[in-house]
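Working notes, beginning with the structure itself.
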Amino acid sequence: MRREELLRLQAALVERLCRAAGGGEALRGIDAGRLDLVAALTHAKRVDKIRSQLPATFAALGERAGELALRFAARHPPLDAHSVANALQFFRFLARERDCPPFLPDVCYCEVAMACLGARAAADARTVSTPVRGAVEIRRRPGARLRRCEYDIRPLLAAQRLEIEKRTVFLVVCRPPGSPFGKVFEIGEGMFEVLSELGRWHVLEPDDEWLADESTLASLRRFCELGILEMREAATRCASA
Amino acid sequence: VGIGFRPEARGALEPRLAELDTVEIVVDDLISDPAQRDGALAVCRRMPSVAHGVGLSIGTAAAPDVRYLDQVARTLEEIGAPWYSEHLAFTKVPGRDVGQLLPLPRTPAAAEIVAENLAAVRRHVGVPVALENISYYFEYPESTLGEAEFIGLVLRESGCGLLLDLENLYLNATNHRYEARDFIDSLAPGLVKGVHVAGGVQRDGILVDTHDRPVPEPVFELLDYLLKRQAPDSIILERDQEFERLDEVFDDVTRLRQIVASNAP
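Same order as they appear, the protein sequences are chains A and B. As numbered in the numbering used here, residues 2 to 242 make up the first sequence, in order. As numbered in the numbering used here, residues 968 to 1232 make up the second sequence, in order.
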């Protein structure tokens, strides 16, 4: 059995396990019942990985989770073994599903954003020191995500409680430096708009009203501490995050 | 005697690390989850550790992933691992990764392919490599060798040691109707570098490896039998779920220690 021949056999087996069917001639002679068992174990393991990243999403799906997970697996074979990659695939699948609770896409989006943040390498969040002497650059921290939601999904995200209130909330998903996990905070609409504009470095001159006002500067620093923003001195371009 | 470190159980495990001689670190946890890296490395600094992998897919009939091996090599250096173990299995083919350990057809040609892949791995990682026997639930009609014969051939051709998973041996022997002690008897002296034990479940009359139950009595008996013939560096209890029942895990650790003590020279 040469490499190409073995690889063909392995590809047929993987296809059979992913789709609970197929495999064709290459798998002739292998006990179909045992292949079904391995397919079931493989599927259960994958769903466990996704559930570990998306607990609130699965709580909201309730009894429908099993049926949806089967349809998901049939359409989206695993491209990667990592749990975050599989959670991302599941999010994309759910986004096209009808008959899901209206708040579910927001819940799943926030959970995937938290999972992606958790999987990023930890980095220092350096901010400029006080007082600010020159121009600074400011931007939303890479990986921090903004989401306008028509429902307040935070109780579901925090404790898998299905206490969803219909009201518009503006959320930011971030990872505070030093924390292994992503977190979700509610912010005001005005700050949401500001943060939306800060996807790239933005220069603040020394006379900018944000830098001149101590309370605004303190808020910016607080956002840096939470991993939402990062600031650096424009002149030195010191590394941050 | 030690346990497999799982980042999600770190909070519960850390206060009890002093009850262990060693921990086994899964290198893939550190590679795929940098957020957990510092915590795992802190544990490695506190006590001796051994390194285990789940993402190599050494049995895939394609060249090993060099980028992944670079990450493994860096991680092994950080951990200070004396050796590195992986599974005699495949989990992926180009474009698909099922994350499930799958067996190979037991043929001399497949053994040769694995040995070639292992040569590349050994050049990369810089520490001795051990291969673990997996649990398997079906047979390929192409297989011409017995399980022990195939594993022995791969290890001879590759120069690797054996990480003997006694739970896998127990359930394979039960599911495929052979004598586990004959398997142990067939192993060359000094071949077993490390041991894994765990607990599984029975499903539709088939024993399944789940790593979420206490170690069953027959596995303890196999360990006792093994230690009269081999001298592994480490015995690791693997638990992947149900961490809220951590006392069960440490009860099993106590039992492992008793068996080791009763076989001390």
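For glycine and all other residues, C-beta sits at the position ideal for the given N, C-alpha and C.
Residue i, enclosing beta strand (DSSP E) - first and last residue
i: histidine 203/A; result: 203 to 205
i: phenylalanine 1057/B; result: 1057 to 1060
i: arginine 977/B; result: Unbroken run through arginine 977/B is the alpha helix (DSSP H), 977 to 980; no beta strand (DSSP E).
i: isoleucine 970/B; result: 969 to 972
i: glutamate 1083/B; result: No beta strand (DSSP E) holds glutamate 1083/B; the alpha helix (DSSP H) holding it covers 1075 to 1092.
i: glutamate 138/A; result: 137 to 141
i: glutamine 1067/B; result: 1063 to 1069
i: glycine 1128/B; result: 1128 to 1132
i: glutamate 215/A; result: Looking at the DSSP string, glutamate 215/A is not in any beta strand (DSSP E); the run it does join, the alpha helix (DSSP H), is 215 to 226.
i: alanine 1097/B; result: 1096 to 1099
i: glutamate 1236/B; result: In the structure as shown, chain B begins at 968 and stops at 1232. Residue 1236/B is therefore absent and cannot be evaluated.
i: leucine 69/A; result: Run containing leucine 69/A: none in the beta strand (DSSP E); it sits in the alpha helix (DSSP H), 65 to 76.
i: arginine 234/A; result: It should be noted that the sequence gives glutamate, not arginine, for residue 234/A. It spans 230 to 234 - the beta strand (DSSP E) in which glutamate 234/A sits, taken as one unbroken run.
Amino acids of chain B, ordered along the chain, whose beta-carbon sits closer than 8 Å to that of residue i
i: lysine 46/A; result: Gly1066 and Gln1067
i: threonine 43/A; result: Val1065, Gly1066 and Gln1067
Cβ-Cβ separation, residue j to residue i (assumed contact under 8 Å), whole Å
i: leucine 1130/B; j: isoleucine 1118/B; result: In fact, because the Cβ distance is near 11 Å, the residues do not count as touching under 8 Å.
i: arginine 142/A; j: glycine 228/A; result: 6 Å
i: leucine 199/A; j: valine 173/A; result: Going by Cβ atoms, the distance from leucine 199/A to valine 173/A rounds to 11 Å, so no, they are not a contact pair.
i: methionine 1014/B; j: leucine 987/B; result: 7 Å
i: alanine 1140/B; j: glutamate 1134/B; result: Actually they are not in contact, since the Cβ atoms of alanine 1140/B and glutamate 1134/B sit about 11 Å apart, beyond 8 Å.
i: glycine 183/A; j: alanine 114/A; result: 6 Å
i: glycine 119/A; j: arginine 47/A; result: Their Cβ separation, rounded to whole angstroms, is 19 Å, which puts glycine 119/A and arginine 47/A out of contact at 8 Å.
i: arginine 1180/B; j: glycine 1167/B; result: 6 Å
i: threonine 58/A; j: glutamate 112/A; result: 6 Å
i: aspartate 107/A; j: tyrosine 152/A; result: 7 Å
i: alanine 1048/B; j: serine 1016/B; result: 6 Å
i: alanine 82/A; j: glycine 1022/B; result: 6 Å
Cβ neighbour criterion (16 or more within 10 Å) applied to residue i
i: arginine 238/A; result: Confidence is the limiting factor: at arginine 238/A the pLDDT is only 49, short of 50, which leaves the residue's position unreliable, though a coordinate-based value still follows. Arginine 238/A is exposed by the Cβ-count criterion.
i: glutamine 1169/B; result: exposed
i: aspartate 1176/B; result: buried
i: valine 1033/B; result: exposed
i: phenylalanine 972/B; result: buried
i: valine 15/A; result: buried
i: proline 1061/B; result: exposed
i: methionine 167/A; result: Looking at the sequence shown, residue 167/A is not methionine but lysine. Exposed, since its Cβ has fewer than 16 Cβ neighbours within 10 Å.
i: glutamate 194/A; result: exposed
i: alanine 1228/B; result: exposed
i: glutamate 1099/B; result: buried
i: glutamine 90/A; result: buried
i: alanine 240/A; result: Bear in mind that the predicted position of alanine 240/A carries a pLDDT of just 40, short of 50, making it unreliable; the figure below should be weighed with that in mind. Burial call: exposed.
i: lysine 1059/B; result: buried
i: glutamine 1225/B; result: exposed
i: alanine 219/A; result: exposed
i: alanine 985/B; result: exposed
i: serine 216/A; result: exposed
i: glycine 1066/B; result: buried
i: leucine 163/A; result: exposed
Listed by chain order, chain A residues near residue i by CB distance under 8 Å
i: proline 1031/B; result: Here the premise fails: no neighbours, minimum Cβ distance about 13 Å.
i: threonine 1074/B; result: Met2
i: isoleucine 1046/B; result: Within chain A, no residue comes near isoleucine 1046/B; the closest Cβ sits about 17 Å away, beyond 8 Å.
Cutoff 8 Å: residue i Cβ touching any chain D Cβ
i: alanine 1040/B; result: The displayed structure is made up of protein chains A and B, and chain D is not among them.
Beta-carbon neighbours of residue i, restricted to chain B and to distances below 7 Å
i: valine 15/A; result: Val1060, Arg1063 and Val1065
i: isoleucine 188/A; result: Chain B residues near isoleucine 188/A: none, gap ~23 Å exceeds 7 Å.
i: glycine 30/A; result: Pro1108
i: proline 106/A; result: Here the premise fails: no neighbours, minimum Cβ distance about 25 Å.
Chain B contact residues for residue i, given Cβ-Cβ distances below 9 Å
i: histidine 83/A; result: Asp995, Ser999, Asp1000, Gly1022, Asp1064 and Gly1066
i: alanine 120/A; result: Ser999, Asp1000, Pro1001 and Ala1002
i: leucine 80/A; result: Gly1062, Arg1063 and Asp1064
i: cysteine 19/A; result: Arg1063 and Val1065
Chain-ordered chain A contacts of residue i [CB-CB under 9 Å]
i: isoleucine 1173/B; result: Arg35 and Leu38
i: valine 1077/B; result: Per the sequence presented here, residue 1077/B reads as alanine, with valine not at that position. Here the neighbours are Met2 and Leu7.
i: isoleucine 1080/B; result: Met2, Arg3, Arg4 and Leu7
Chain-ordered chain A contacts of residue i [CB-CB under 7 Å]
i: alanine 1028/B; result: Arg4, Leu7, Leu8 and Gln11
i: tyrosine 1145/B; result: Residues of chain A passing the Cβ test: none, with the nearest at roughly 16 Å.
i: tyrosine 1137/B; result: Going along chain A, no residue has its Cβ under 7 Å from tyrosine 1137/B, so there is no contact; the nearest lies around 18 Å.
i: phenylalanine 1057/B; result: Gln11
i: tyrosine 1104/B; result: Arg35, Leu38 and Val39
Where the alpha helix (DSSP H) through residue i begins and ends
i: aspartate 107/A; result: 105 to 120
i: phenylalanine 59/A; result: 56 to 62
i: serine 1229/B; result: 1213 to 1229
i: glutamate 1119/B; result: Per the sequence presented here, residue 1119/B reads as glycine, with glutamate not at that position. That run of the alpha helix (DSSP H) goes 1114 to 1125.
i: serine 84/A; result: 84 to 96
i: glutamate 1209/B; result: Segment: none, glutamate 1209/B is in no alpha helix (DSSP H) and carries neither H nor E.
i: leucine 7/A; result: 4 to 20
i: glycine 1185/B; result: Note that residue 1185/B corresponds to proline in the displayed sequence, not to glycine. Unbroken alpha helix (DSSP H) run through proline 1185/B: 1184 to 1194.
Could I get the ranges of all uninterrupted beta strand (DSSP E) runs contained in the segment 992 to 1055 of chain B, with 3 residues as the minimum, in chain order? 1016 to 1019 and 1051 to 1054
What are the uninterrupted segments assigned as alpha helix (DSSP H) that are 4 or more residues long and contained completely in the segment 1144 to 1182 of chain B, given in chain order? 1147 to 1152
Enumerate, from N- to C-terminal direction, the unbroken alpha helix (DSSP H) stretches of 4 or more residues contained entirely within the segment 144 to 204 of chain A. 155 to 160 and 190 to 197
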